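Peer 1:
Numbering (my numbering), first residue to last: 15 to 543.
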């Protein structure tokens with residue numbers, strides 16, 4: 015009876031499993047197993063949250079708050095005190111890798127953003143791919159070290175409370191100086207930034223406070239405003255401040271002003287031997303829409319004349335103009351990088367290659383996240399091969415549906431957001447309907463829909479689609495086109511055959527092992543009952 019059942023249950027059994035008297039044996043058994051199932055899922059979630067908490071702490075503290083030391087200490091703690099050398103080593107290596115990514119990717123992209131808006135100051139048709147400019151010149155290590163020191167100095171000064179606030183403005187021009195002169199001596203960079211900001215800190219503070227409504231809107235939208243408006247807008251505004259302070263530094267010959275040696279960033283319009291103002295889209299009464307014209311100063315009387323072609327040796331600024339690599343004061347490499355056209359049509363063969371490339375990249379991404387979170391290699395997804403078809407399908411759909419919209423990035427983002435949501439939701443629904451299994455579950459995530467999609471995931475996928483459309487897709491296509499067509503066809507045919515074999519087998523025997531969301535285990539347990 016129920017009394018005997020109560021007697022045999024452990025005293026620490028959760029309340030949800032304690033059985034009420036007066037129930038039949040079959041009810042008792044069902045509730046017992048349901049309670050054990052719930053307990054198992056809770057324990058699995060606790061373990062998962064622990065690992066997610068560790069890697070989340072690494073990411074948040076290293077990437078967001080720049081607390082590298084704590085992440086490393088925590089990795090050592092995993093090795094010494096948890097007696098899990100293998101897993102801890104992988105986690106520790108993950109921290110080191112995160113630090114390197116932060117130093118050599120994130121920080122250099124910050125410099126690239128500064129460079130983009132600095133060039134856009136006078137060259138209104140600056141290509142977005144100029145954000146990769148810091149990677150295309152020498153002294154990448156110097157740029158990374160200076161940006162690291164900026165963070166370290168700011169953190170150390172923050173220990174004095176007031177000093178941190180003051181120094182954050184003193185070092186405000188460091189990224190812009192470094193974007194102009196990547197080879198600049200680190201001591202001179204900080205010295206020049208302090209000199210430039212002397213007497214301007216309060217104005218910079220007031221300028222930054224003008225962004226207060228955007229800061230509030232960013233908090234209310236959980237960071238969306240920062241991604242799409244606040245970050246680029248503030249970088250552009252402070253770039254204009256940089257040019258005002260730069261002009262003053264050159265005129266007054268401040269200590270280190272020689273570092274400001276990129277003349278063509280802000281050439282003078284009155285320099286009639288070098289600079290021409292360019293215009294686009296019917297700038298004059300008899301102009302032709304879409305055609306570029308050049309207005310030049312004449313040396314004799316200072317008047318301006320209109321030309322349809324740019325005289326040799328001159329530099330164009332304004333509409334339709336962009337900063338040329340040849341103008342920079344040191345060698346710039348990978349010149350063909352900006353010559354790849356993102357507005358292009360892809361062949362059917364390329365789409366097949368894209369599908370497998372994106373599927374494998376997605377698999378590597380998912381496996382790596384799990385590897386560096388708990389130190390174990392696990393397969394991800396329904397199939398057994400190294401591919402996740404949902405990534406391949408999403409990437410191919412983005413290229414096929416949106417390649418004509420690349421000149422409207424906001425439209426591309428919105429369309430990618432919707433497309434990703436439909437694809438992920440439908441895929442999850444079909445898998446559940448046909449197999450009664452879940453390979454992902456967003457239950458508990460902010461703004462999720464039936465646990466199949468959530469806001470955070472769709473934002474990541476939408477950004478991924480933009481990366482594919484503007485960078486990965488065009489450059490991968492260029493790489494594919496360098497391979498003889500017969501070889502591409504053979505490779506695609508082999509991959510299709512392997513994929514079909516894997517798919518046919520997995521439909522009957524899907525991957526439900528470790529690495530699949532814990533909700534699957536709960537479903538399998540219930541099915542066995």
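Quick reminder that beta carbons are idealized off the backbone N, C-alpha and C, glycines included. If you're wondering where the values come from, they're calculated on a predicted model, not measured in any experiment.
Quick check on DSSP: helix, strand or coil for residue 523?
Peer 2: Along the chain shown, read from residue 1 onward, the residue named residue 523 stands at position 509. Note: residue 523 maps to coil in three-state DSSP.
Peer 1: Using three-state DSSP, classify residue 137 as helix, strand or coil.
Peer 2: As a working note, residue 137 is residue 123 in the chain shown. Correct three-state label for residue 137: strand.
Peer 1: In the DSSP output, what is residue 463 paired with across the bridge?
Peer 2: The residue labelled residue 463 in the question sits at position 449 within the chain shown. In DSSP, residue 463 forms a bridge with 467.
Peer 1: What is the DSSP secondary structure of residue 330, reduced to helix, strand or coil?
Peer 2: As a working note, residue 330 is residue 316 in the chain shown. Correct three-state label for residue 330: strand.
Peer 1: Report buried or exposed for residue 259, applying the criterion of at least 16 other Cβ atoms within 10 angstroms of its Cβ.
Peer 2: As a position in the chain shown, residue 259 is number 245, starting the count at 1. It is buried - the Cβ of residue 259 has at least 16 other Cβ atoms within 10 Å.
Peer 1: How many Å lie between residue 453 and residue 434 at the Cα?
Peer 2: For the purposes of this step, residue 453 is taken as residue 439 along the chain shown, with counting starting at 1. For the purposes of this step, residue 434 is taken as residue 420 along the chain shown, with counting starting at 1. Computed Cα separation, rounded: 16 Å.
Peer 1: Using the three-state DSSP reduction, which class does residue 199 fall into: helix, strand or coil?
Peer 2: Here residue 199 refers to the residue found at position 185 when the chain shown is read from its first residue. Correct three-state label for residue 199: coil.
Peer 1: For a minimum of 4 consecutive residues, which ranges assigned as the alpha helix (DSSP H) are wholly contained in the segment 175-224?
Peer 2: With a minimum length of 4 residues, the continuous alpha helix (DSSP H) runs that stay inside the segment 175-224 are 176-184, 188-194, 200-211 and 215-223.
Peer 1: Put residue 405 into one of helix, strand or coil per three-state DSSP.
Peer 2: On the chain shown, residue 405 is found 391 positions in, with the first residue counted as 1. It is helical.
Peer 1: Once the 5 residues before and after residue 263 are set aside, which same chain residues still bring their CB inside 6 Å of it?
Peer 2: Residue mapping note: residue 263 aligns to position 249 of the chain shown, counting from 1. Correct list, in chain order: 210 and 271.
Peer 1: Cα separation between residue 197 and residue 400?
Peer 2: Residue 197 sits at position 183 when you count from the first residue of the chain shown. Residue 400 sits at position 386 when you count from the first residue of the chain shown. For residue 197 and residue 400, the distance between alpha carbons rounds to 42 Å.
Peer 1: DSSP three-state label for residue 121, please.
Peer 2: Numbered from its first residue, the chain shown carries residue 121 at position 107. Helix.
Peer 1: For residue 463 and residue 443, what's the separation of their Cα atoms in angstroms?
Peer 2: Counting from one through the chain shown, the residue named residue 463 turns up at place 449. Counting from one through the chain shown, the residue named residue 443 turns up at place 429. One C-alpha to the other measures close to 11 Å.
Peer 1: Nearest by alpha-carbon distance to residue 473: which of 254, 430, 113 and 341 is it?
Peer 2: Here the question's residue 473 lines up with position 459 in the chain shown. Ranking the options by Cα distance to residue 473, first place goes to 430.
Peer 1: Sorted by chain position, which residues of the same chain lie with C-beta nearer than 8 Å to residue 360's C-beta, five sequence neighbours on each side aside?
Peer 2: Numbered from its first residue, the chain shown carries residue 360 at position 346. 368, 413, 414, 417, 487 and 491.
Peer 1: If you follow the alpha helix (DSSP H) that residue 150 is in, where does it begin and where does it stop?
Peer 2: The residue you call residue 150 lines up with position 136 of the chain shown. Note, residue 150: premise wrong, no alpha helix (DSSP H); not H, not E.
Peer 1: Beta carbon of residue 253, beta carbon of residue 135: below 8 Å?
Peer 2: Indexing the chain shown from 1 puts residue 253 at position 239. Indexing the chain shown from 1 puts residue 135 at position 121. Yes, the Cβ-Cβ distance between residue 253 and residue 135 is below 8 Å.
Peer 1: Figure out for me which residue from 176, 177, 174 and 207 has the closest Cα to the Cα of residue 190.
Peer 2: Your numbering for residue 190 matches position 176 in the chain shown. Here the closest residue by C-alpha is 207.
Peer 1: Compare the Cα-Cα distances from residue 336 to each of 139, 112, 113 and 107 and report the closest residue.
Peer 2: For the purposes of this step, residue 336 is taken as residue 322 along the chain shown, with counting starting at 1. Measuring from the Cα of residue 336, the nearest candidate turns out to be 139.
Peer 1: For residue 126, count the other beta carbons within 10 Å of its own beta carbon; 16 or more makes it buried, fewer makes it exposed. Which is it?
Peer 2: To locate residue 126, count along the chain shown from 1; it is residue 112. Buried: at least 16 other Cβ atoms inside 10 Å.
Peer 1: Label residue 355 either buried or exposed according to how many other C-beta atoms from any shown protein chain fall within 10 Å of its C-beta, with 16 as the threshold for buried.
Peer 2: The sequence position of residue 355 within the chain shown is 341, counting from 1. Exposed, since its Cβ has fewer than 16 Cβ neighbours within 10 Å.
Peer 1: Whose C-beta lies closer than 7 Å to the C-beta of residue 449 among residues of the same chain, with five residues either side of it excluded?
Peer 2: On the chain shown, residue 449 is found 435 positions in, with the first residue counted as 1. Excluding sequence neighbours, residue 449 sits near 524.
Peer 1: Using alpha carbons as the reference points, say which of 347, 282 and 358 lies closest to residue 329.
Peer 2: Residue 329 sits at position 315 when you count from the first residue of the chain shown. Closest option to residue 329, Cα to Cα, is 282.
Peer 1: Using 10 angstroms around the beta-carbon of residue 512, count the other beta-carbons present and answer buried if the total reaches 16, otherwise exposed.
Peer 2: Position 498 of the chain shown, counting from 1, holds the residue named residue 512. Burial call: exposed.
Peer 1: Taking C-alpha atoms, which residue in 223, 236, 269 and 496 lies nearest to residue 248?
Peer 2: Taking the chain shown and counting its residues from 1, the one referred to as residue 248 is at position 234. Out of 223, 236, 269 and 496, 223 has the C-alpha closest to the C-alpha of residue 248.
Peer 1: Compare the beta carbon distance of residue 406 and residue 373 with 8 Å and say whether it is the shorter of the two.
Peer 2: Counting from one through the chain shown, the residue named residue 406 turns up at place 392. Counting from one through the chain shown, the residue named residue 373 turns up at place 359. A contact, by the Cβ cut-off of 8 Å.
Peer 1: Can you tell me the Cβ-Cβ gap for residue 410 and residue 365, rounded? I've got them flagged as a contact below 8 Å.
Peer 2: Position 396 of the chain shown holds residue 410. Position 351 of the chain shown holds residue 365. That belief holds up - the Cβ atoms of residue 410 and residue 365 are roughly 5 Å apart, short of 8 Å.
Peer 1: If you measure between the beta carbons of residue 250 and residue 131, is that distance less than 8 Å?
Peer 2: Counted from its first residue, the chain shown places residue 250 at position 236. Counted from its first residue, the chain shown places residue 131 at position 117. A contact, by the Cβ cut-off of 8 Å.
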